[in-house]
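*Asks:* Count the sequence shown with our numbering and you get residues 3 to 281, in order.
Backbone N, C-alpha and C define an ideal beta-carbon position, used for all residues, glycine too.
All of these numbers come straight from a predicted model, not from anything done at the bench.
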Amino acid sequence: MPQIIDGKAISAQIKDEVKAQIAALNTQGKKVCLAVIQVGDDPASSVYVGNKKKACAYVGIESLSYELAAETTQEELLELIRELNAREDVNGILVQLPLPEQIDEDAVIRAIDPKKDVDGFHPQSVGALCIGQPGFVSCTPAGIIQLLKRSGIEIAGKECVVIGRSNIVGKPMALLLLRENGTVTVAHSRTRDLREVTKRADILVVAVGKPKMITREYVKEGAVVIDVGIHRNENNKLCGDVDYEDVAPVCGAITPVPGGVGPMTIAMLMYNCANSVSL
Ligand code: NDP
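#1: Return yes when the Cβ of L79 is within less than 8 angstroms of the Cβ of I105, no when it is not.
#2: Does the Cβ of D108 have 16 or more other Cβ atoms within 10 Å, making it buried, or fewer, making it exposed?
#3: Which value, in whole angstroms, describes the spacing of the CA atoms of K239 and G262?
#4: Tell me whether V263 counts as near the ligand NDP, meaning its Cβ is closer than 7 angstroms to at least one heavy atom of that ligand.
#5: In the DSSP assignment, find the unbroken beta strand (DSSP E) run with E182 in it and report its ends.
#6: Please classify N28 as buried or exposed, where buried requires at least 16 other C-beta atoms within 10 Å of its C-beta.
#7: Measuring only the C-alpha atoms, how far is I232 from V61?
#8: Just to check, is the beta-carbon of A209 closer than 7 angstroms to a non-hydrogen atom of the ligand NDP?
#9: Would you mind working out which of S67, V210, G154 sits nearest I12, comparing C-alpha positions?
#10: Assuming contact is defined by CB atoms lying nearer than 8 angstroms, are A209 and M175 in contact in what I supplied?
#11: Which class does A113 belong to by DSSP, given the choice of helix, strand or coil?
#12: Using alpha carbons as the reference points, say which of K56, A144, V252, K222 lies closest to E161.
#13: Scan the stretch 8-82 and note each continuous alpha helix (DSSP H) run of 4 residues or more that stays entirely inside, going in chain order.
#14: Could you have a look at C141 and say whether DSSP puts it in helix, strand or coil?
#15: Pull up the CB-CB distance for K55 and S65, whole angstroms please, since I reckon it's below 8 angstroms.
#16: Should D243 be counted as a contact of the ligand NDP given a C-beta to heavy atom distance under 7 angstroms?
#17: Any chance the CB of G231 is under 7 angstroms from a heavy atom of the ligand NDP?
#18: Shorter than 7 angstroms, the distance from the beta carbon of I165 to the closest heavy atom of the ligand NDP, or not?
#19: Determine the burial state of N235: buried for a count of at least 16 other Cβ atoms within 10 Å of its Cβ, exposed for fewer.
#20: Pick out whichever of S168, G145, T187 has its Cα sitting closest to the Cα of G159.
#21: Comparing alpha-carbon positions, which option in E182, L206, T142, K151 lies nearest V163?
#22: Please determine, among E182, A189, T200, the residue with the shortest C-alpha to C-alpha distance to K173.
#23: Under the assumption that V38 contacts I63 (Cβ atoms under 8 angstroms), give the Cβ distance between them as a whole number of angstroms.
#24: For P258, which option in G242, R218, V252, Y273 has the closest C-alpha, if you only look at C-alpha atoms?
#25: Which ranges does the alpha helix (DSSP H) cover as unbroken runs of at least 4 residues, wholly within the stretch 142-213, from first to last along the chain?
#26: The beta strand (DSSP E) spanning G94 covers which residue range?
#27: Rounded to a whole number of angstroms, what is the C-alpha to C-alpha distance between V279 and N93?
#28: If you count every other CB in all the chains shown that lies within 10 Å of the CB of D18, and 16 or more means buried, which is it?
#29: State yes or no: is the C-beta of A225 nearer than 7 angstroms to some heavy atom of the ligand NDP?
What follows is the structure, encoded as structure tokens:
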């Protein structure tokens, strides 16, 4: 049986560490405050925002909530971001994506002060990651590195394959694995013979966005398989990009869905917020 990488337990551990860090900051008279902006009332976004606020309350981070109407203009949103950038009592700014179509997401991300960019999406944060300088790192890939390290999985020298090259998961994931001295390959929709590429992986990170696409034919025996995908199947049950039942018997370690990568994203957001005070 493979090692089951327990994202629920590891994320709880990280949140408790952040809670202690915030308590220590409080004793020095420092507070940590995250501003959370949601535009419109997309139900999935409301759930994510609610969970982020709950996590803030747990670790002792103050959260300011801005719920803007779906017809908010780009200029109105940018004005709010400018105000929050200028406020000394606000350490982090998070704009829940996706945004309504009248708003250019890139312009919004660029407007956030990089010192408050706790999602790690600003070009300056991404550039800093690329050249190995301090800065915020996108929460999901940062969480995956924690999952690997805290499960005792060595990255240095390993063949790492990332399926997916999105700006929020695939690309920063590849950069982080490289930073940890993995030998990294990034696969995507134009990759020729995906199976041949993924079969080389000691560590396979799957962020392809296709339910249960990765079956055992894609996986080397004994590999570590990290499943970033989240989908609801026909019975309304959560599943990932990896066919868990098929892959688990042949791999060495695997993240379940739910309870694997999912809980790490919010834990790392809390980690980024706590560290925003020192950036
Ligand atoms: P995107 O849709 O932005 O990216 C998907 C990537 O997969 C693209 O790079 C695409 O290639 C590649 N791809 C698509 N089809 C294939 C194929 N047949 N073969 C090889 N590559 C392919 O997704 P995200 O990165 O945003 O998210 C990936 C998954 O992770 C989703 O299921 C999402 O829900 C989940 N997710 C989970 C999070 C969590 O907290 N657990 C957080 C964020 C995302 P190309 O670039 O060529 O189009």
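*Replies:* Let me lay it out:
#1: The beta carbons of I105 and L79 sit closer together than 8 angstroms.
#2: exposed
#3: 15 angstroms
#4: yes
#5: From DSSP, E182 is part of no beta strand (DSSP E); its letter is neither H nor E.
#6: exposed
#7: Going from the Cα of I232 to the Cα of V61 covers about 25 angstroms.
#8: yes
#9: Nearest C-alpha to I12: G154.
#10: yes
#11: A113 falls in the helix class under three-state DSSP.
#12: K222
#13: 9-29, 45-61
#14: helix
#15: 5 angstroms
#16: yes
#17: yes
#18: Correct: I165 has its Cβ closer than 7 angstroms to the ligand NDP.
#19: exposed
#20: T187
#21: Distances from the CA of V163 to each of E182, L206, T142, K151 were compared; the closest alpha carbon is that of L206.
#22: A189
#23: Wrong, their Cβ atoms sit about 11 angstroms apart, outside the cutoff.
#24: G242
#25: 172-181, 196-200
#26: Where G94 is concerned, the enclosing beta strand (DSSP E) stretches over 94-97.
#27: 7 angstroms
#28: exposed
#29: No.
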